[in-house]
Amino acid sequence: MIVMMIIMIIIMIIMIIIIIIISTVTHNNVVWGNDCGREEVQDLLRAGRPSIVSTDENIEKIKNMVMDNRRLSVREVAHEVEMSHMSVHNILSEVLGMRRVAARLVSKELNFLQKEHRKAVAEDMIFTSF
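Per our numbering, residue 1 is the first one in the sequence shown, and the count goes up by one each step.
Have a look at this one:
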């Protein structure tokens, strides 16, 4: 009976020590407390290469290639600029705002010159109809 009580007390002490150790663990310069909130909010160093694919130079290269030949495939552009297929696809669709229509890459929205042309045509139609 006394042995059982001593074993129970030892187990409880071990559990308390484990809880204390877990609640004050420091991981990657981030101290986690009992409330599980971060005390340091700086960006931590990570392993691997930095993401430097979407530079202005690469975006301009891709834009010029597509404007010269709109029938290029994403895979051909990726091979030409030596980038991954998905990186080129993201630049075309998200950065440049283009999508594929009938095997051609076209802008999703009108550019400045197209908007000005539409405005001039609409004004011309309005003023010549009176």
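Each residue gets a CB set at the ideal place from its N, CA and C atoms; glycine is no exception.
With fewer than 16 other beta carbons inside 10 angstroms of its own, M4 counts as exposed.
Where M65 is concerned, the enclosing alpha helix (DSSP H) starts and stops at 56 to 68.
Annotation: H85 to V74 spans about 7 Å, alpha carbon to alpha carbon. Taking the Cα of N64 as reference, the smallest distance to any Cα among I52, I91, A47, K115 is reached at I91.
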